[in-house]
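Q: Can you read through this structure? Questions will come right after.
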Amino acid sequence: MEKQILHRKKICLLGEFGVGKTSLVRRFVYNKFEEKYLSTIGVHICHKTIIIPAKEPAAAGHQLNLILWDLAHIDKFNAMIKNYFRGANGAIVVFDLTRLQNAQHTNAFLDPFLQMNPNAQLIIAGNKVDLVQDQSASLEQLLHICKTYNAPCKLTSAKTGENVEPLFSELASQLLKVG
Amino acid sequence: MTAPKDKSLEALRQILLREDLIKLQKLEHELLDLRQTISDKESLIVALEPIIANLLERKIAVSREEMAEALAPIMGEAIRLRVAEAKEDVIDALYPVIGKIIRKSVAEAMKKFIDSVNQKIDQTLQSRVFRRRVQSKLTGVPENALVIKDSLPFKIEQIFLIHRESGTLISHVSSQDAAAKVNEELISGMVTAIRDFASEAFSVGKDHDMDALQFDDKKILVELGNHFYLALVITGYEPAGFQDEVHRLSSRLHHRFHKFFRTFQGELTKSGEITKCITRFFDKHHQGRVTAEGTRSRPYLLYLLMALVIFATTIFAIRKIPPLLMQRRLLQTIAEQFQAVPELRQQPLHFRLSGGHLIISGNVPSTRHLALIDSVAKQIHGLDIVQNRVMVHDQAAFQSEIIHRIQQQLQQDHRWQHLSLRFIVEDDHLVIEGDVPDLATKRDIGFMVSEMPGVHMVINNLTITASPPLELEAAQQQMPQYTIYFKVNDATIPAAELEKIAALLEYIKRWDDAKLIVTGYSDNSATSSYNLALSEQRAKAVADYLIAQNFPAHRIIIRYFGDSNPVAPNDTEAGRAKNRRVEFAVEQERQ
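This is the structure we're talking about:
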């Protein structure tokens, strides 16, 4: 059996309050969905190991342990949360597809994050896709954000589990290509 | 007419009741004040407080138990009610009082404990105590505090090495039971988050960091490196010096892996090596206080023993090496001297020094070579004793040569001429057999043979022939024929008398253990005292001659009696000539 190489990568989950960051993490890590939001000192940490399938030639034989830093909502007054950005290898930026009008505040947290971690890999998650009637309109708005930050995106539902696993796998593949 | 009458009555009333009315008004005022006092609780308390306090004090002083009995049910009920109605208020009210009592009790208990520790310190004379005292003097920490710290349990449960910036776990070491319970990645992340949180919250603008987190009996100690930090989960109280050891571990890790830490992006390529380093540290400490103590305390006794061994070795080297070098040089000189003799140059000779003796061994073709070796050895300066153990190749010739030389020696000494001895050469030793008269003879012959060149070992089987029993009476009868006669007023032994002494010696030698009594006499020609002195001189003259003839002095007994005991009348010349004599007698030596 081929020996697998272990990596540990720090991933931050960024997004406005109530967009579904924690739910996404819980669905991915524990395969659970809970309506309750976990209140911490501003961060909730958990981890999951992904074994990259052999079809990914660049990453085959690698094991990736994703350390997920689920950060509380950040605004301009909450400078403390920014400390948790340090040393991150990547981030999942989560948007609520039902409230995309709030996306204009993305700069407030994403800019400091990229300033601290210029080489970090980003992926955009348009969450709560199960609640959206007109997906095309939402997708258009989301693609605009993706283009701005040059990041791929996925439409996800923490509630149904739709696209949650591919979201993290996509990010994992990107991390290994870079790292 | 009625109105003026009323006025008069009123005036009369005013005159008669004026004083009473004033008193009544005054009473009304006092009553009003009293009502006000009663209605105002604070005023009433102020008014009654000194009275009631005095009353209670007096009552308690007179009958304390009675008061307690009376008040107990009321007070108990009141307290119960108050507690039930306003628990928080009661706690708030009692907290300062109870806190003081608890603090006092704890302080007293601690004082007793510290006194006990101090007593133990005073009673114990151990190296650890001495070390602790020194440590206390150096650090300024009271000795009893160090004792307490050392006495408390301590154990490392887990060690995390975490990337300082990202909080990513690089290495984790724990005991097996702890490993099953923890999610190490989660802990690493959370400890990092808490560190960041604490730094941000409490160290604004300062270069401070979190040193430890404590929960119940567990503590997470944090040791910061440049790119990573160590988080040690411990229980109990870390012993003195433990932080220094953790710091040293951190420095070692930094020194070895700083490139890896600096460029760390999540790849755990060096994780295994790092874990090995940490495991060594963990294994040393996680067994608890004893192990931690063991690593902390230096093995001073071992150091002392090592120092002693080194010291002893050095002294030994200083004392022994120069003599050894000198010996080696001397042996080289000796070998050169033998090499200088052409006939010995090709001979395989070996030289060895033992206790100041030179021992020569090897093989030579003839006894001539052997004699040559002897002569060269005698010329070596500074060596008194030389043992020539060189063998001759032709053993038969060599043996007969040795025996011949021994027999020559025996013939040259008159003491041994009459002895009949046999010499047998067996392998590397020489056996002597035969009879000898005494132990001295046996010893002297053995020594003579062992000194012969080529003889390495002598087995002295000489038998001491027992002397015949002394037949005292017969011997005494023989003695008169050996009596020595002297000239007038002379102590010199006449030459003609010497033969008698030779015969006496021959006769008496058969008894090794017999004493010879030599008794001097004189005639009565002079005074008695003169005669006594003359007889003494005669006895001594004979004794000296006997000793000169190798007769043992310790076997001679000298006696003298002057002109006493004449053997003939002194009135004739012939009689006096018989009295000027020395007589002999034998006596069995006392056991």
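In the order they appear, the protein sequences are chains C and E. Using numbering that gives the first Met the number 0, you'd call the opening residue of the first sequence number 0 and step up by one each time. Using numbering that gives the first Met the number 0, you'd call the opening residue of the second sequence number 0 and step up by one each time. Note that CB positions come from ideal geometry on N, CA and C, so glycine has one too. Note that this is a predicted model, so its numbers are computed, not measured.
From the DSSP output, which residues share a beta bridge with Cys152(C)?
A: DSSP lists Ile123(C) as partners of Cys152(C).
Q: Measuring straight from C-alpha to C-alpha, what distance separates Glu164(C) and Phe27(C)?
A: Cα-Cα distance, rounded: 6 Å.
Q: With contact counted as at least three CB pairs below 8 Å, one residue from each stretch, are the stretch 16 to 27 of chain E and the stretch 91 to 101 of chain C in contact?
A: No, the stretch 16 to 27 of chain E is not in contact with the stretch 91 to 101 of chain C.
Q: Any idea what DSSP makes of Val93(C), helix, strand or coil?
A: Of the three classes helix, strand and coil, the one that applies to Val93(C) here is strand, per DSSP.
Q: Since Lys9(C) meets chain E, which of its residues come closer than 7 Å, beta carbon to beta carbon?
A: Ser165, Gly166 and Thr167, listed in chain order.
Q: Within the stretch 485 to 542 of chain E, note down every full beta strand (DSSP E) run reaching 3 residues or more, in order along the chain.
A: Within the stretch 485 to 542 of chain E, the complete beta strand (DSSP E) runs of at least 3 residues are 513 to 519.
Q: Whole angstroms are fine: how far does the CA of Ile333(E) sit from the CA of Ala339(E)?
A: If I take the Cα positions, the gap works out to 10 Å.
Q: Between which two residues does the alpha helix (DSSP H) carrying Ile78(E) extend?
A: Taken as a continuous stretch (DSSP letters only), the alpha helix (DSSP H) holding Ile78(E) covers Arg63 to Glu84.
Q: Measure from the C-beta of Asn225(E) to each C-beta in chain C and report whether the shortest distance is under 9 Å.
A: Taking Cβ atoms only, chain C never reaches closer than 9 Å to Asn225(E), which makes this a no.
Q: Which residues mark the beginning and the end of the beta strand (DSSP E) in which Asn362(E) is found?
A: His356 to Val363 is the span of the beta strand (DSSP E), which, as asked, contains Asn362(E).
Q: When the distance is taken between beta carbons, is His428(E) closer than 9 Å to Met447(E)?
A: Cβ atoms of Met447(E) and His428(E): not closer than 9 Å.
Q: Which residues in the same chain have their Cβ closer than 6 Å to the Cβ of Phe167(C), if we skip the five residues on either side of it in sequence?
A: Counting only Cβ-Cβ distances below 6 Å, and skipping sequence neighbours, we find Phe27.
Q: Report yes if the C-beta distance between Gln140(C) and Ala102(C) is below 9 Å; otherwise report no.
A: Cβ distance < 9 Å, so Gln140(C) and Ala102(C) count as in contact.
Q: With 8 Å as the C-beta to C-beta threshold (strictly closer), list the residues of the stretch 79 to 104 of chain C near chain E in chain order.
A: Going along the stretch 79 to 104 of chain C in chain order, one finds Met79, Asn82, Tyr83, Arg85, Gly86, Ala87 and Asn88 with a Cβ nearer than 8 Å to chain E.
Q: Which two residues bound the contiguous beta strand (DSSP E) that contains Gly433(E)?
A: It spans His428 to Val435 - the beta strand (DSSP E) in which Gly433(E) sits, taken as one unbroken run.
Q: What is the DSSP secondary structure of Asn387(E), reduced to helix, strand or coil?
A: It is a strand residue.
Q: Tell me whether Leu33(E) is buried or exposed, calling it buried when 16 or more other Cβ atoms sit within 10 Å of its Cβ.
A: Exposed: under 16 other Cβ atoms inside 10 Å.
Q: Run through DSSP, which three-state label would Ala311(E) get?
A: Helix at Ala311(E).
Q: From which residue to which residue does the alpha helix (DSSP H) around Asp567(E) run?
A: As written in the sequence, residue 567(E) is Ala, which differs from the Asp given in the question. From DSSP, Ala567(E) is part of no alpha helix (DSSP H); its letter is neither H nor E.
Q: Thinking just about the alpha-carbon of each residue, which of His246(E), Arg247(E), Ile273(E) and Val245(E) is nearest to the one in Lys258(E)?
A: If we check each option's Cα against that of Lys258(E), Ile273(E) comes out closest.
Q: Going by beta-carbon coordinates alone, are Phe196(E) and Asn116(C) separated by less than 9 Å?
A: No.
Q: Report yes if the C-beta distance between Leu605(E) and Leu330(E) is below 9 Å; otherwise report no.
A: Absent from the structure is residue 605(E), since the part of chain E shown begins at 0 and ends at 590.
Q: Beta-carbon separation of Val389(E) and Leu369(E) under 9 Å?
A: Yes, they are a contact pair.
Q: So, is the C-beta of Leu160(E) closer than 9 Å to a C-beta in chain C?
A: So, not an interface residue.
Q: What residues of chain E sit near Val42(C), judged by a beta carbon separation below 7 Å?
A: What Val42(C) touches in chain E: Ala192.
Q: Does Leu184(C) come within less than 9 Å of chain E when only Cβ atoms are used?
A: The requested residue 184(C) is not part of the displayed model; chain C covers only 0 to 178.
Q: Taking contact to mean 3 or more Cβ pairs, one atom from each stretch, closer than 8 Å, check whether the stretch 537 to 551 of chain E and the stretch 496 to 512 of chain E are in contact.
A: With the cut-off at 8 Å, the stretch 537 to 551 of chain E and the stretch 496 to 512 of chain E touch.
Q: May I ask you to list the residues that DSSP assigns as paired with Asp19(E)?
A: Note: Asp19(E) sits in no beta bridge, so no partner.
Q: Going by DSSP, name the residue or residues bridged to Leu160(E).
A: DSSP, once it has assigned bridges, lists Ser170(E) and Leu229(E) as partnering Leu160(E).
Q: Quick check on Ala306(E): does DSSP put it in helix, strand or coil?
A: Reduced to three states, the DSSP call for Ala306(E) is helix.
Q: Looking only at its own chain, which residues have a Cβ that is under 7 Å from the Cβ of Ser360(E), when we skip the five neighbours before and after it?
A: Same-chain partners within the cutoff: His349, Arg388 and Val389.
Q: By the 10 Å Cβ neighbour count, where 16 or more other Cβ atoms means buried, how is Pro493(E) classified, buried or exposed?
A: Exposed, by the Cβ-count rule.
Q: DSSP three-state call for Val289(E): helix, strand or coil?
A: Summary for Val289(E): the model assigns pLDDT 36, below 50, so the residue's position carries little reliability, and this model does not support an answer.
Q: If you compare alpha carbons, which of Ile219(E), Ser170(E) and Lys110(E) is closest to Lys154(E)?
A: Of the candidates Ile219(E), Ser170(E) and Lys110(E), the one whose C-alpha sits nearest the C-alpha of Lys154(E) is Ile219(E).
Q: In this structure, does DSSP put Ser198(E) in helix, strand or coil?
A: In the structure shown, Ser198(E) sits in a helix (DSSP, three-state: H, G or I).
Q: Please identify, using Cβ separations under 7 Å, the residues of the stretch 261 to 272 of chain E that lie next to chain C, in order along the chain.
A: Here the close residues are Gln264, Gly265, Glu266 and Leu267.
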